[in-house]
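Trainee: Per the working numbering: the sequence shown ends with 854, consecutive numbering throughout. For each residue, glycine too, the CB sits at the ideal point set by N, CA and C. Keep in mind it's a predicted model, so treat the numbers as computed, not measured. Dropping a structure here in structure tokens format, bear with me for questions.
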Amino acid sequence: MTSHPILQRYGALKSLRILILICVLISVTSLAGIVSVSAQTPGLGVGRGDGLEVGINLPALNQIQADINAGIYNRQCTPQEHDRHKWHGLVDPVLKCHYDHHHGDDPNYVNDVFGDPGTWFGVPGQSISYPWQTFPATNITDGNAQAVADGKMENDTKHEGYGWIVRRDQACPDANCLTDFRLEYHGIFGSHGGMTRFHSYSFEGRLCVNANNPATCGIVRTGGWVDMGHLVTTPANTPSCNFGVPRTVIPVPQDTLFFPIDENSVDEMRCHPNLTQLPSYPPSQPIAEWWAHNPGDRVRFQLRSFDPIGNINPANPSEWSSYCAEITDTTCKYNQTIMSVWIGYVYTVIGGYDAYAKSYIDIDPNKDGIANIATFTDRVGGLHAQCTQITVDCIPMIYDNVPLNLDYNNDGIPEEARYVHHPCEDCQRVDYDLSPAGQNWVTWFHTKYHSGDHPTTPTPPTTPTPAPTNPAVVVKVDPASPVVGDSVIVSLDLYNVSGVYGLQAECTVNPSVLAGTERIDGSGFNADNSFFVDSGFNAADGKWMVAASRLADGSGNVSGIDGNMTAFMLGYDVIAGGDSAVNCAVLAVNADGKAIDLEVINGTVITDPGTSPTEEPPTETPPTVMPPTPLPLTPTVEAPTEVAPTATPVPTGLSSVAGITGYQNHPDNAGITVELYNMADLSLVDTVMTAADGSYTFSDVPLGTYSLLFRAVQHIPLVYPVDVTTDGAAITIEPGELKAGDVDNSGVVDILDATFVGANFGLETVPDIANVDLNIDGFINITDLVLVGGNFGLTSPLPAE
């Protein structure tokens, strides 16, 4: 019987290893130019020049460390604030809270080279995990549908094991080198990760023949499962995994689950030295190493941990072991926060046989000496070009402008390529344990794994409440069952939204149970991207109104919220036993201040009544809460009197200029002043007013060059050029829209305008503040604030008067 293509591929590749593993240590030259890729840069941003062993924007990280020491990040992030598909450090600079784990280097540090993480496999912005993550398979060909349904995928059960190692401008002493890369690996450097032979990875690298000439550089992208070989240890207190160091193989039954293992090989291994005496911190050399080999013979790397979690007991490898014996030990720093890598031997660029299609894949079909190919591999690197979508066995493999440099046939045509990585062995490295003095924030391996349960057989997680499938805001309460003295975070989480630019919420609680403390920034609205109006908590009635509008940047760019995101949070203290509903009335609007339909799913706080025996919980159910003032979607004031456009006289043979323009968010478009200027002498030719539909017409316009000026109070003027080159022409001007937000008619939408709206927020419109009611609906609320935010920074095209 013919074996599965994956098994055929792996067996064939093992027989070719002597050829593929030839180590050509060619000396190479200096720093390379960077391939420019336009990319949005989240994380701490693109960086450069911070050090050869640094993969994060170091000035930004140093500022975070200073802020941590100042107490800015003392609050622990809630589960709702954690996105397991996004990279984060130990703290969240936007939410101002800290996690119990981190993901190493920032993949966004090299976005100018590789673009946004996840883009190459079809999920832009996803910077943690990938579609080919591992799961508890019993055969190398198993599908993952059941593991997905049971919540047993790698990112479900061992999320904290994901880490990034990012490097740029690597040494190039001669030629043919790997200059920049980002590697996402999965590994827990202790008993809970060391027990597993195959681990997942994602790799993007820049390969250069001449590092000083960007034209000789190309990009490779690939991923899959790598073979980490056998589990070994060393003699007591020999903290080295180098060649020549005696090794003892620790038998692990799972190691032979998929393939036989060569226990004499030193090319793949999980090496955990047996340490009873720890070196001074930070160690000068790695004291645990995993040597990985992609079975497709394209990638091999050595993960190097300078502070692994603990030893592995040869007699009982699954036994929990940690150098940090107690979670309260703030002096122990062995918590996997210093990592490095060597892309071992060479990075090989090869084609090969596709066992699925039974055909050969040529990486240079036009024989120009450049590999340009986008195809797929299975999970262990076997070519699989027939794939149509990305799955665990359909993983993209991309060679983009990669020069080939090996000519096996001596015919002048290179068939393959090899590039060398030259890491800096003694350069300064980054320790991501940023915990303040006397505290220990990196606690994930204690809190999650100290029970001793082995991660290959995880307990399925509790089935969560299904997330909404329609546009909604979920009012989440954490914890839902606190006791007196606890703090409670109420988060307003948006789901399935599109173009949310502003949000107004009035939340009401039982003030005898909960007391409001502070508003907390969310990823949706925060001090960096929004303007807030915050009424503060009212202890008399338990109400708290917050409105937030995103602000346009200095270039006038408007970015709303799409998808799922925490808008912002409200903090409360539990002051007495009892129950409290958390009822929030919510209005969401787009950048024009127009309402967006959202379902509101409220929450409840259930406190421990026994903690406050002298107080009885309230017996009245809190009333349904409404906004502080009505939020009608249609105006309650009379619309402006319709002004008919200037009547068109009997044709005279001259031309007409007509069009339609409108306000950004008014019930109709009547009353906009439209002025026609002759640009020859800047004289005013004529003035008309728009009708309710926004239409206007100028008749009897002679030949010439003109400008149309559109004006309305509280709006930024518009100017359109008009050329009349033929008598009798009917010239139609493209539709326009006057942007609102210039409350004080100063010619610029600025903080003063936002302040005017904020100062009158929640009021009904009266003549004295009619200018603040930007959409003339009779109320000053989020629909007005968002017009200021969306147009923040816009200025009049006219000179200041």
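Shortest alpha-carbon distance to Glu-787 belongs to which of His-474, Thr-430, Trp-217 and Leu-771?
Mentor: Within the sequence shown, the letter at position 734 stands for residue 787. Of His-474, Thr-430, Trp-217 and Leu-771, the residue nearest in Cα terms is Leu-771.
Trainee: According to DSSP, simplified to helix, strand and coil, what is Tyr-461?
Mentor: Within the sequence shown, numbered from 1, the residue matching residue 461 stands at position 408. In this structure, Tyr-461 counts as coil in the three-state DSSP scheme.
Trainee: Is DSSP giving Ser-583 helix, strand or coil here?
Mentor: Taking the sequence shown and counting its residues from 1, one reaches residue 583 at position 530. Strand at Ser-583.
Trainee: Compute the distance between the beta-carbons of His-252 and Thr-286, then report whether it is under 8 Å.
Mentor: By one-based count along the sequence shown, residue 252 stands at place 199. By one-based count along the sequence shown, residue 286 stands at place 233. In this structure, Thr-286 does not lie closer than 8 Å to His-252 by Cβ.
Trainee: Given a threshold of 16 other Cβ atoms within 10 Å of its Cβ, counted over all protein chains shown, does Asp-776 qualify as buried or as exposed?
Mentor: If you number the sequence shown from 1, residue 776 lands on position 723. So Asp-776 ends up on the exposed side.
Trainee: When you compare only the Cα positions, how much space is there between Asn-295 and Leu-356?
Mentor: Within the sequence shown, the letter at position 242 stands for residue 295. Within the sequence shown, the letter at position 303 stands for residue 356. Looking at the two C-alpha atoms, the distance is approximately 13 Å.
Trainee: Taking Cβ to Cβ, would you say Val-766 is nearer than 8 Å to Thr-743?
Mentor: Position 713 of the sequence shown, counted from the first residue, corresponds to residue 766. Position 690 of the sequence shown, counted from the first residue, corresponds to residue 743. Contact flag unset, no.
Trainee: Apart from the five residues on each side of it in sequence, which residues of its chain come closer than 6 Å, Cβ to Cβ, to Gly-569?
Mentor: As a first step, residue 569 must be located in the sequence shown, where it is residue number 516. Answer for Gly-569: Phe-590, Trp-597 and Tyr-625, listed in chain order.
Trainee: Counting only the same chain and skipping the five closest in sequence on each side, list residues whose C-beta sits under 6 Å from that of Asn-347.
Mentor: Position 294 of the sequence shown holds residue 347. Within the same chain, Asn-347 has close Cβ partners Val-279 and Gly-434.
Trainee: So what's Val-841 in DSSP terms, helix, strand or just coil?
Mentor: Looking up residue 841 in the sequence shown gives position 788. Helix.
Trainee: Which same chain residues, not among the five before or five after Asn-364, have their C-beta less than 7 Å away from its C-beta?
Mentor: Residue mapping note: residue 364 aligns to position 311 of the sequence shown, counting from 1. If we look at Asn-364 and ignore the five residues flanking it on each side, its Cβ neighbours are His-325, Asn-327, Leu-328 and Ser-374.
Trainee: So, using beta-carbon positions, are Gly-538 and Pro-564 closer together than 8 Å?
Mentor: The count along the sequence shown starts at 1 and reaches residue 538 at position 485. The count along the sequence shown starts at 1 and reaches residue 564 at position 511. No, the Cβ-Cβ distance between Gly-538 and Pro-564 is not below 8 Å.
Trainee: Just reading off the alpha helix (DSSP H) that Tyr-502 is part of, what are its end residues?
Mentor: Looking up residue 502 in the sequence shown gives position 449. Segment 497-502, the alpha helix (DSSP H) holding Tyr-502.
Trainee: Could you check what DSSP says for Asp-546 in three-state terms: helix, strand or coil?
Mentor: Residue mapping note: residue 546 aligns to position 493 of the sequence shown, counting from 1. Reduced to three states, the DSSP call for Asp-546 is strand.
Trainee: Can you give me the Cβ contacts of Lys-647 inside the same chain, cut-off strictly under 7 Å, excluding the 5 residues immediately before and after it?
Mentor: If you number the sequence shown from 1, residue 647 lands on position 594. The answer, listed in chain order, is Asn-718.
Trainee: To the nearest angstrom, how far is the alpha carbon of Phe-763 from that of Phe-845?
Mentor: Residue 763 sits at position 710 when you count from the first residue of the sequence shown. Residue 845 sits at position 792 when you count from the first residue of the sequence shown. Going from the Cα of Phe-763 to the Cα of Phe-845 covers about 20 Å.
Trainee: Quick one: which unbroken beta strand (DSSP E) runs of 3-plus residues sit fully inside the region 236-317? Chain order, please.
Mentor: 251-261, 270-280 and 283-286
Trainee: Rounded to whole angstroms, how far is the Cβ of Tyr-548 from the Cβ of Ala-520, which I believe are closer than 8 Å?
Mentor: By one-based count along the sequence shown, residue 548 stands at place 495. By one-based count along the sequence shown, residue 520 stands at place 467. With 8 Å as the limit, Tyr-548 and Ala-520 qualify as a contact, their Cβ atoms being about 6 Å apart.
Trainee: Going along the chain, which residues of its own chain have a beta-carbon closer than 8 Å to the beta-carbon of Tyr-461, five neighbours each way excluded?
Mentor: For the purposes of this step, residue 461 is taken as residue 408 along the sequence shown, with counting starting at 1. The residues are Glu-468 and Glu-469.
Trainee: Restricting to runs no shorter than 4 residues, where is the alpha helix (DSSP H) found entirely within the region 97-170?
Mentor: 111-122 and 164-167
Trainee: If distances are taken between C-alpha atoms only, which option among Thr-390, Ala-638, Ile-614 and Asn-263 comes closest to Gly-214?
Mentor: Indexing the sequence shown from 1 puts residue 214 at position 161. Comparing Cα positions, the closest option is Thr-390.
Trainee: Per DSSP, which residues does Met-598 bridge with? Please list them.
Mentor: The sequence position of residue 598 within the sequence shown is 545, counting from 1. Partner(s): Glu-559.
Trainee: With DSSP as the reference, label Asp-203 as helix, strand or coil.
Mentor: Translated into positions along the sequence shown, residue 203 becomes position 150. Three-state result, Asp-203: helix.
Trainee: Go ahead and pull the three-state DSSP assignment for Val-802.
Mentor: Translated into the one-based positions of the sequence shown, residue 802 becomes position 749. In this structure, Val-802 counts as coil in the three-state DSSP scheme.
Trainee: Which same chain residues, not among the five before or five after Asp-153, have their C-beta less than 6 Å away from its C-beta?
Mentor: Working through the sequence shown from its first residue, we reach residue 153 at position 100. Closer than 6 Å at the Cβ level, and outside the excluded window around Asp-153, lie Thr-496 and Trp-497.
Trainee: Between Val-99 and Asp-165, how many whole angstroms is the CB-CB distance? I'm expecting something under 8 Å.
Mentor: Taking the first residue of the sequence shown as 1, we reach residue 99 at position 46. Taking the first residue of the sequence shown as 1, we reach residue 165 at position 112. Indeed, because the Cβ distance is near 5 Å, the residues count as touching under 8 Å.
Trainee: For His-135, which residues in the same chain have their Cβ closer than 7 Å to its Cβ, ignoring the five residues on either side in sequence?
Mentor: Counting from 1 along the sequence shown, the entry for residue 135 is found at position 82. Answer for His-135: Tyr-152, listed in chain order.
Trainee: Under 8 Å: do the region 628-641 and the region 554-561 share three or more Cβ pairs, one atom per stretch?
Mentor: yes
Trainee: Ala-823 by DSSP, collapsed to three states: which one?
Mentor: On the sequence shown, residue 823 is found 770 positions in, with the first residue counted as 1. Three-state result, Ala-823: helix.
Trainee: So, with DSSP's three-state summary, where would you put Thr-689?
Mentor: Counted from its first residue, the sequence shown places residue 689 at position 636. With a pLDDT of 31 at Thr-689, under the threshold of 50, the modelled position of this residue cannot be trusted; read the value that follows with caution. Three-state result, Thr-689: coil.
Trainee: Grouping DSSP H, G and I as helix and E and B as strand, with all else coil, what is Val-766?
Mentor: Walking along the sequence shown from the start, residue 766 turns up at place 713. Correct three-state label for Val-766: coil.
Trainee: According to DSSP, Thr-750 sits in a beta bridge with which residue or residues?
Mentor: Here residue 750 is taken as the residue at index 697 of the sequence shown, counted from 1. Note: Thr-750 sits in a beta bridge opposite Ala-711.
Trainee: Evaluate the contact criterion for the region 114-131 versus the region 487-495: three or more CB pairs, one atom per stretch, below 8 Å.
Mentor: yes
Trainee: Since Ile-396 and Leu-231 are thought to touch, with beta carbons under 8 Å apart, how far apart are those beta carbons, to the nearest angstrom?
Mentor: In the sequence shown, the residue the question calls residue 396 occupies position 343. In the sequence shown, the residue the question calls residue 231 occupies position 178. That belief holds up - the Cβ atoms of Ile-396 and Leu-231 are roughly 6 Å apart, short of 8 Å.
Trainee: Looking only at its chain, what residues have a beta carbon closer than 7 Å to the beta carbon of Pro-367, apart from the 5 residues adjacent to it on each side?
Mentor: Translated into the one-based positions of the sequence shown, residue 367 becomes position 314. Thr-286, Thr-301 and Ile-303, listed in sequence order.
Trainee: So, for Ser-849: in the same chain, excluding its five sequence neighbours on each side, which residues have a beta-carbon less than 6 Å away from its beta-carbon?
Mentor: On the sequence shown, residue 849 is found 796 positions in, with the first residue counted as 1. Cβ neighbours of Ser-849 beyond the five flanking positions: Ile-769, Pro-770 and Gly-800.
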